[in-house]
Amino acid sequence: MDRLLNKSSIAAPVSLFPQDVWARLDRAATLLPSRWAPWLSAGGLLQDRIRAETGEPARVHVIEERIGFLTQEQREMLKAQADSCFHRRIELRAAGRAFVYAETLVPDHTLEAHPWLADLGERGLGETLSWRHDVERGPLEVASLPPDHPLAARALDSAGLTSQALWARRAWYAIDGNRILVQEVFLPEPRRR
Numbered sequence: 310m311d312r313l314l315n316k317s318s319i320a321a322p323v324s325l326f327p328q329d330v331w332a333r334l335d336r337a338a339t340l341l342p343s344r345w346a347p348w349l350s351a352g353g354l355l356q357d358r359i360r361a362e363t364g365e366p367a368r369v370h371v372i373e374e375r376i377g378f379l380t381q382e383q384r385e386m387l388k389a390q391a392d393s394c395f396h397r398r399i400e401l402r403a404a405g406r407a408f409v410y411a412e413t414l415v416p417d418h419t420l421e422a423h424p425w426l427a428d429l430g431e432r433g434l435g436e437t438l439s440w441r442h443d444v445e446r447g448p449l450e451v452a453s454l455p456p457d458h459p460l461a462a463r464a465l466d467s468a469g470l471t472s473q474a475l476w477a478r479r480a481w482y483a484i485d486g487n488r489i490l491v492q493e494v495f496l497p498e499p500r501r502r
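Following the numbering used here, the numbering of the sequence shown begins with 310 at its first residue and continues without gaps.
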């Protein structure tokens with residue numbers, strides 16, 4: 310954890326999840342585009358879905374792990390006692406490209422109860438949580454994020470894609486009652502030049 314606390318890794322508070330763009334999946338399912346509906350509403354592991362589509366195993370590529378700050382909305386959603394959190398950014402990659410860009414926010418009190426969340430390395434969070442019996446998931450929410458939305462902008466930048474709207478989903482997970490926030494952005498196949 311000491312490696313996370315250097316000055317260059319501390320981020321300024323920003324609104325990562327404006328409430329107005331997200332809708333509960335159970336209320337928006339009929340509005341989802343046919344290309345992304347199976348990805349946005351799928352249960353199970355995204356790594357398994359990527360393997361089924363490509364025939365290759367999906368691997369986790371860690372982009373960044375740092376200390377960040379929660380907005381008031383995020384604090385309320387996560388029942389967080391403080392503003393600071395552990396912020397993990399990854400891509401799920403296979404067949405030479407990124408399929409999913411994901412971010413996880415772990416409030417301080419959750420990290421204190423489950424320090425292993427900061428030491429996942431190249432292991433997927435979904436796969437790790439699937440082995441636990443003390444995990445609860447909140448309602449799944451979906452959004453079509455405009456390219457200037459902070460989450461979409463980070464996903465586009467990470468994947469080297471042109472400016473475009475991206476479909477995403479998010480949910481809180483509680484591990485033995487301690488919440489984290491996971492959001493996943495689904496990336497289109499890069500255009501050939």
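Beta carbons: idealized from backbone N, C-alpha and C, even for Gly. None of these values were measured; they are calculated from a predicted model.
Spell out the partners DSSP gives residue i in its beta bridges.
| i | result |
| --- | --- |
| Arg402 | Arg368 and Ala407 |
| His396 | Arg375 and Leu414 |
| Arg479 | Glu450 and Gln492 |
| Glu498 | Glu498 pairs with nothing; no bridge assigned. |
| Glu445 | Ala483 |
Could you give the residue range of the beta strand (DSSP E) that holds residue i?
| i | result |
| --- | --- |
| Arg488 | Asn487 to Phe495 |
Consult DSSP for residue i and reduce its assignment to one of helix, strand or coil.
| i | result |
| --- | --- |
| Ala361 | helix |
| Arg336 | helix |
| Glu436 | helix |
| Glu293 | In this structure the chain extends from 310 to 502, so residue 293 is not present and cannot be described. |
| Ala427 | helix |
| Gln473 | coil |
| Gln356 | helix |
For residue i versus residue j, is the C-beta distance shorter than 7 Å?
| i | j | result |
| --- | --- | --- |
| His370 | Glu400 | yes |
| Ile359 | Ala367 | yes |
| Ile372 | Arg398 | yes |
| Pro424 | Ala389 | no |
| Thr363 | Ala404 | yes |
| Val409 | Glu498 | no |
| Leu387 | Arg488 | yes |
| Val451 | Leu355 | no |
| Glu436 | Ala483 | no |
| Phe395 | Ala351 | no |
| Ala477 | Leu454 | yes |
Let's see if you can read the secondary structure: which residues bound the alpha helix (DSSP H) around residue i?
| i | result |
| --- | --- |
| Leu465 | Pro459 to Ala468 |
| Ser350 | Ala346 to Ser350 |
| Gln381 | Gln381 to Leu387 |
Give a yes or no on whether the minimum CB-CB distance between residue i and chain B is below 7 Å.
| i | result |
| --- | --- |
| Trp345 | Here there is only one protein chain, and chain B is not present. |
Exposed or buried, residue i, counting other C-beta atoms within 10 Å across all chains shown (16 or more means buried)?
| i | result |
| --- | --- |
| Ala461 | buried |
| Thr339 | exposed |
| Gly377 | buried |
| Arg479 | buried |
| Gln383 | buried |
| Arg344 | exposed |
| Ala391 | exposed |
| Glu385 | exposed |
| Ala361 | exposed |
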